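Quick note: the sequence shown uses our numbering, first residue 18, plus one each step.
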Amino acid sequence: MAAKIEKTLIEPLDAPLDGSTRVQGDKSISHRAVLFSAMAEGTSRVSGVLDSEDVRSTIEAIQELGATVALEKQLDGSLAGGITGWGKEGPQQPKGAINCGNSGTTARLLMGALAPWPITVKITGDASLCKRPMRRITAPLMKMGVHFDPAGAETLPITETGDDKLKAIVYDAPMSSAQLKTAVLLAGLGAKGTTTLNEPSPSRNHTELMLPEYGATTTAAERTASVKGPFTLQACEVQVPGDPSSAAFAALLKSGSSIQVEDVSLNTARIGFVRTLERMGADITISREGQAGKEPYGIISACYTPSLRGCEIPADKIPSIVDEVPVLSLVAAFAHGITVFRQVSGLRLKETDRIAAIMEGLGVLGVDSWMDGDDLFIEGQPDLLIPEGIELDAKKDHRMAMTWALAGLCGKTPITVTNFDSVKVDLPHFLESLARMTR
Ligand code: S3P
């Protein structure tokens, strides 16, 4: 019997979004705070950690590897408390395979963290994660001395056996990926000497910014990052700022809205979407409030802007908007003229083929989009009226789920989003938190 397709009816918001709000903790920074604390000697204190299925995958993984987790749910929905790491003793041999669920970040970062330890760990995930590319991670780690079985496997499940005599390497990454960079740097903590990763264009730099909080010596420049080993991370305190991406988009698309999102990450490697929206003519501004560790945070203010224009996003800016391409595509659908995302075919390898999902959904909305080589083109229609009774498929991908939900929330007619449930791997209370922001 075919599995029942999950359908969620998204009704238009009954009023514009208004006022100040706080959003959930940033997912990338949450994964790192949890994992680095597990690797550290002593008890770290973490706060603002996002409580989502993906981050829970990392929490469960570190527990199976011997870290002690004492995190409690806070009134704002975040997790806070202590994590006692395995430190110098290293992780324990887990009883079974580590299942990373849907979380590519968990699987890839874990491979780096386990690299210096002579235990054998099977890493697996759900059906979607088991289709995603892993050789980009295993290839450099094998150069450092880690063993994988099967050695040339492209996908999970993969069994990793680390080595306590890892070689430091200088690695020229074939693609810009913060997950790849992090895996190599974490392995580098266990190697003697300096491990360096060069990348074609800058990917998010949370790892380079956070490792020094745990006492590690890292260097970071535009397209290169390095770490000095061997070094055992030392417990510290980490406060996770909010995820910058989702709420601002709702305000821009919902007529009459004006909001301030407080305490969000203003890391330049993450707010490429703000720069892109500014170029499209959006009424969006940022103001810095302070710094959590080395991570800048502050306020993003966004107001509904009726006359957005298409723009071209060059290839070297794609890593800074990699997770926001789906929702920027929706904005582009309502803008004057054509928007071009250069060199985005890497998005075909995310939780789903996001390029195919974007083009299919925009087609249902009545918007033309096409690929020319690796470039995505979208021809905006400022007067677009979303047809009644349509269904958009999130393809079990949380970014697609949020994107198509925004089309329904900000439009005039309800939209059915199929496979919306995947939103819980990232922001489980996405709909409720936007509804709370209406006047
Ligand atoms: C992430 C890096 C990005 C991003 C993912 C989270 C991270 O992936 O798409 O959602 O936390 O390091 P890539 O590093 O593969 O680009």
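Ideal Cβ placement from N, Cα and C applies to all residues, glycine included.
Every value quoted in this text rests on a predicted model; they were computed, and no experiment measured them.
Taking 4 residues as the minimum length, the alpha helix (DSSP H) runs contained wholly in the region 175-233 are 195-205 and 223-227, in order along the chain.
CA-to-CA, the gap between Ser-218 and Met-192 works out to about 8 Å.
In this structure, the straight-line span from the alpha carbon of Lys-412 to that of Phe-437 is close to 8 Å. In the DSSP assignment, Cys-320 falls outside any alpha helix (DSSP H) and within the unbroken beta strand (DSSP E) covering 312-320. If you draw a straight line from the Cα of Phe-53 to the Cα of Leu-228, it comes to about 8 Å. Only buried fits Gly-397, as 16 or more other CB atoms lie within 10 angstroms of its CB. Sorting Val-244, Ala-268 and Thr-75 by C-alpha distance to the C-alpha of Met-454 places Ala-268 at the top. Of Lys-112, Val-342 and Asn-222, the smallest CA-CA separation from Met-419 is found for Val-342. The beta-bridge partner set that DSSP reports for Ile-115 consists of Ile-140. With a threshold of 6 Å, the Cβ atom of Asp-370 does not count as near ligand 1, since no heavy atom of the ligand is closer than that.
Per DSSP, the unbroken alpha helix (DSSP H) holding Trp-421 starts and ends at 415-427.
According to the DSSP assignment, Met-56 belongs to the alpha helix (DSSP H) that extends over 44-56. Assigned with DSSP and collapsed to three states, Leu-444 falls in coil, not helix or strand.
Residue state for Ile-407 is assigned as coil, using DSSP reduced to three classes. With a cutoff of 7 Å on beta-carbon distance, Arg-39 and Asp-340 are scored as not near each other. In its chain, beyond the 5 residues on either side, Ser-37, Ile-316 and Ser-318 have a beta carbon closer than 7 Å to the beta carbon of Gln-277. The beta carbon of Ala-200 is closer than 7 Å to those of Arg-125, Leu-126, Met-128, Gly-129, Ile-154 and Leu-158 in its chain, skipping five residues each way along the sequence.
Remark: C-beta atoms of Ile-27 and Leu-426 approach each other more closely than 7 Å.
Non-local beta-carbon contacts of Pro-29 in its own chain, meaning distances under 8 Å to residues more than five positions away in sequence, involve Gly-425, Leu-426, Cys-427, Gly-428, Lys-429, Thr-430 and Pro-431 in chain order. The straight-line gap separating the alpha-carbon atoms of Lys-245 and Lys-209 is approximately 8 Å. Remark: three or more beta-carbon pairs, one from each stretch, lie closer than 8 Å, so the region 93-109 and the region 77-84 are flagged as touching. Pairing Ala-57 with Cys-253, the inter-Cα distance amounts to about 9 Å. Annotation for Thr-172 indicates a beta carbon at 6 Å or more from all heavy atoms of ligand 1. One alpha carbon belongs to Gly-380, the other to Ser-386, and they sit about 7 Å apart. Among the bridge pairs identified by DSSP, Ala-132 is matched with none.
Between the region 58-69 and the region 83-103 there are three or more inter-stretch CB-CB distances shorter than 8 Å, so the stretches are counted as touching.
The DSSP-derived three-state label of Ser-362 is helix. A heavy atom of ligand 1 is found nearer than 6 Å to the CB of Ala-195. The beta carbon of Glu-312 lies closer than 8 Å to those of Ile-46, His-223, Leu-226, Met-227, Pro-258, Ser-282 and Asn-284 in the same chain, with the five residues before and after it left out. Where Val-291 is concerned, the enclosing alpha helix (DSSP H) starts and stops at 289-296.
The three-state secondary structure of Lys-412, taken from DSSP, is coil.
Annotated as distal: Thr-302 and Ile-330, with beta-carbon spacing of 7 Å or more. According to DSSP, residue pairing for Trp-387 in a beta bridge involves Phe-394.
For Asp-333, the Cβ stays outside the 6 Å cut-off from all heavy atoms of ligand 1. Taking non-hydrogen atoms of ligand 1 into account, the C-beta of Asp-260 is found less than 6 Å away from none of them. Per DSSP, reduced to three states, the secondary structure at Ser-37 is strand.
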